[in-house]
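Engineer:
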Amino acid sequence: MASFKNGNAKRHRQAEVFKDLPVPTLVKTLTEYALNCAVGTLESALPSPSPTAAIRTPALTNTFCEPATLPNTPALSAPLSSPTSLSVDDFVAKAFLGKGAFGEVYRVEHKVSHKEYALKVISKENLRLSNYPTIFEEQRIMKLLSGTDHTINLIASFQDTDYFYILTDYLSGGDLKHRLYNRHKFPPIEHTREYMAQLILAVEGIHRQRVIHRDLKPENIFSDSEGRLVIGDFGISAYFGAAASDKPWEAHKAWQKDPNASRTSPPPPSPAARLRSIPKKVDYTVSRCGTSSYMAPEVTSGPYSYECDIWSLGVIFHTMAVGRYPFGMHPGQHDHNEMRRLVNSENLRFTVDDDIDPDTEELLHGMLEKDVADRMTIAEIKKHPFFDGVNWSDLAKGNLTYGPRKPLVTLDDGDNEELESIKIPAGQPYAPGTVPYPWFDYTSPEMLIGMVAAKSKVTFGGLSKKLNVLQKVKIWWRRRGVVKVRRLSNLDMLMA
1 MASFKNGNAK RHRQAEVFKD LPVPTLVKTL TEYALNCAVG TLESALPSPS
51 PTAAIRTPAL TNTFCEPATL PNTPALSAPL SSPTSLSVDD FVAKAFLGKG
101 AFGEVYRVEH KVSHKEYALK VISKENLRLS NYPTIFEEQR IMKLLSGTDH
151 TINLIASFQD TDYFYILTDY LSGGDLKHRL YNRHKFPPIE HTREYMAQLI
201 LAVEGIHRQR VIHRDLKPEN IFSDSEGRLV IGDFGISAYF GAAASDKPWE
251 AHKAWQKDPN ASRTSPPPPS PAARLRSIPK KVDYTVSRCG TSSYMAPEVT
301 SGPYSYECDI WSLGVIFHTM AVGRYPFGMH PGQHDHNEMR RLVNSENLRF
351 TVDDDIDPDT EELLHGMLEK DVADRMTIAE IKKHPFFDGV NWSDLAKGNL
401 TYGPRKPLVT LDDGDNEELE SIKIPAGQPY APGTVPYPWF DYTSPEMLIG
451 MVAAKSKVTF GGLSKKLNVL QKVKIWWRRR GVVKVRRLSN LDMLMA
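Residue numbers (UniProt numbering): 1 to 496.
1) If we call anything under 8 angstroms between Cβ atoms a contact, is S345 one with Y325?
2) Compute the Euclidean distance between the alpha carbons of R140 and D353, then round it to the nearest angstrom.
3) Does the region 148-168 come into contact with the region 428-442, if we say contact requires no fewer than three beta-carbon pairs (one atom in each stretch) closer than 8 angstroms?
4) At what residues does the beta strand (DSSP E) containing V105 begin and finish?
5) What first and last residue would you give for the beta strand (DSSP E) that runs through D169?
6) Going straight from the alpha carbon of V211 to that of Y239, what length do you get?
7) Whole angstroms are fine: how far does the CA of Y195 sit from the CA of E369?
8) Hey, out of T360, G366, Y402 and L400, whose CA is closest to P387's CA?
9) Work out the CA separation of R107 and residue 505 for me, nearest whole Å.
10) Taking C-alpha atoms, which residue in E190, L229, D215 and E219 lies nearest to P202?
11) For the alpha helix (DSSP H) containing A296, list its first residue and its last residue.
12) What is the DSSP secondary structure of D355, reduced to helix, strand or coil?
13) Could you compute how far the alpha carbon of Y284 sits from the alpha carbon of E190?
14) Ignore the nearest five residues each way along the sequence and tell me which others in A396's own chain have a CB closer than 8 angstroms to its CB.
15) What residues in its chain sit with their C-beta under 7 angstroms from that of T134, if we drop five residues either side in the sequence?
16) Please report the residue range of the alpha helix (DSSP H) in which S123 lies.
17) Just to confirm, is the Cβ distance from M320 to T401 under 8 angstroms?
18) Whole-angstrom Cβ separation of L145 and Q209, contact assumed at under 8 angstroms?
19) Around the Cβ of H213, are there at least 16 other Cβ atoms within 10 angstroms (buried) or fewer (exposed)?
20) To the nearest angstrom, how far is it from the Cα of K177 to the Cα of A101?
21) Identify, in the order they occur along the chain, each residue of the same chain with its Cβ nearer than 8 angstroms to the Cβ of L348, setting aside the five sequence neighbours on each side.
22) Within this structure, are the beta carbons of A118 and L86 separated by less than 8 angstroms?
23) Quick one: residues in its chain with C-beta nearer than 6 angstroms to the C-beta of E138, no 5 flanking neighbours on either side, listed in chain order?
24) In chain order, what residues of the same chain have a beta carbon less than 6 angstroms from the beta carbon of H384, not counting five sequence neighbours either side?
25) Classify V282 as buried or exposed, calling it buried when 16 or more other Cβ atoms lie within 10 Å of its own Cβ.
26) Going by other Cβ atoms of all chains shown within 10 Å of its Cβ, with 16 needed for buried, is D309 buried or exposed?
27) Beta carbon of H110, beta carbon of I378: below 8 angstroms?
28) Could you have a look at V92 and say whether DSSP puts it in helix, strand or coil?
29) Measure from the alpha carbon of residue 564 to the alpha carbon of each residue in Y165, E204, S237 and D175, then state which is nearest.
30) How many whole angstroms separate the CB atoms of L167 and I155, which I take to be in contact at a CB cut-off of 8 angstroms?
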């Protein structure tokens with residue numbers, strides 16, 4: 001009786017620890033716990049709670065949340081006994097999806113789990129050594145944001161001698177640019193409202209993690225088969241919560257900063273000087289980056305912060321609601337300097353032909369306010385009359401009013417000759433212990449559990465047929481509680 005009470009008390013203490021965790025963290029924590037159970041590391045999976053303990057994923061994930069954010073949380077840090085690594089040989093190419101500045105993207109199928117993913121292949125030969133940290137930073141931010149509403153999930157990342165590989169969810173609905181511009185068909189205001197509400201939720205989740213995207217545009221917004229919008233491409237995003245330990249590549253000799261550089265370098269530009277005058281606790285940056293037609297005016301003058309993403313959303317909203325870019329911009333006709341001049345000098349104007357209602361016009365003015373201090377915040381946007389009737393909690397759960405929508409077609413899977421001609425670029429695998437950038441290698445708990453489950457099914461599926469009749473009879477009677485038999489092994493139960 002005493003042991004029963006002690007067991008209940010222990011479970012109650014564990015429940016008290018978990019109840020205050022944010023939902024994404026709770027899901028990730030329980031997933032890791034289930035994974036540890038699956039690979040046989042139960043004895044170390046639930047250590048005693050510690051006030052200073054930090055939540056840490058298995059050694060493969062190499063990510064953690066600081067205790068200041070999640071106090072009194074158990075450290076589920078049991079390392080996996082046999083880490084599962086990935087390579088190009090684990091996948092079959094299904095389609096070539098496109099080519100970007102740094103690499104190519106393929107639709108692939110995992111040979112074990114048979115799930116489809118998008119695989120980004122980045123050639124090291126075509127990438128300057130000075131640009132490697134950009135790839136590492138993108139992977140780290142994607143890992144941080146995985147599980148956030150309406151953002152793309154990082155499934156895995158790995159490398160060989162010639163390439164970096166980033167594996168993400170495959171989103172069959174294509175990107176928003178194709179849906180809006182290539183079809184020359186803009187959505188009705190009801191669909192626009194739902195599109196924008198999803199993007200507002202996505203940016204809210206990104207900012208909550210102290211990340212600014214800095215390149216929000218239709219090309220970087222994708223939809224799944226159900227019509228849900230997802231933000232991707234974090235190649236130039238900035239994360240304000242990074243500590244020195246979060247950037248192990250900075251200790252690498254190729255990217256170490258010269259301690260004498262500050263003595264010989266010229267004085268910093270005025271944006272950086274203004275940045276130093278801002279309190280340290282405020283998140284600001286001065287890097288000038290983004291796409292000209294979606295770039296906020298403060299990005300070119302610096303410093304700037306989260307408000308730049310609100311401006312980019314405003315431009316996207318304007319193109320959907322009005323059918324043209326704001327401030328008279330024409331990306332096909334104007335260069336970067338001309339578009340910057342128009343943004344800084346022109347006012348936001350609407351004509352009778354634009355045919356927009358007062359709520360839409362007011363919201364556009366609020367999101368495209370040039371003065372950062374007067375620009376609308378996420379909280380203000382969500383309360384605006386334009387979004388009356390939007391159920392934000394339902395939308396966060398993925399419940400759409402106007403979905404699903406027809407996905408885009410990239411390649412006919414029935415064309416075997418064309419499929420067979422698709423080859424994923426690959427180099428030579430590294431020998432154990434010789435990987436030059438080990439911090440880049442990552443396999444998500446979701447991927448690991450799928451691989452363990454699929455391999456278990458393959459391994460034990462055939463063996464189950466070899467069980468003798470007596471074992472099967474014992475299992476059958478025990479499940480019905482008719483007779484008591486000796487305790488079966490886990491293998492017997494699994495094969496049953």
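Glycine included, every Cβ here is placed at the ideal spot set by N, Cα and C.
Structural biologist: By the coordinates alone:
1) no
2) 46 angstroms
3) yes
4) G103 to H110
5) Y163 to D169
6) 4 angstroms
7) 21 angstroms
8) The residue asked about is misnamed: residue 387 is Phe in this sequence, not Pro. Among T360, G366, Y402 and L400, the Cα nearest to that of F387 belongs to T360.
9) Missing from the structure shown is residue 505; the chain here goes from 1 to 496 and no further.
10) The sequence given here has Ala at residue 202, not Pro. When only C-alpha atoms are compared, the closest one is L229.
11) Careful: A296 lies outside any alpha helix (DSSP H) and carries neither H nor E.
12) coil
13) 35 angstroms
14) D149 and L201
15) G235
16) Not the alpha helix (DSSP H): S123 falls in the beta strand (DSSP E), residues E116 to S123.
17) no
18) 6 angstroms
19) buried
20) 17 angstroms
21) P326, F327, L364, H365 and L368
22) no
23) F234 and G235
24) L363
25) exposed
26) buried
27) no
28) strand
29) For the chain, the structure presents residues 1 to 496; residue 564 sits outside this window and is missing.
30) 4 angstroms
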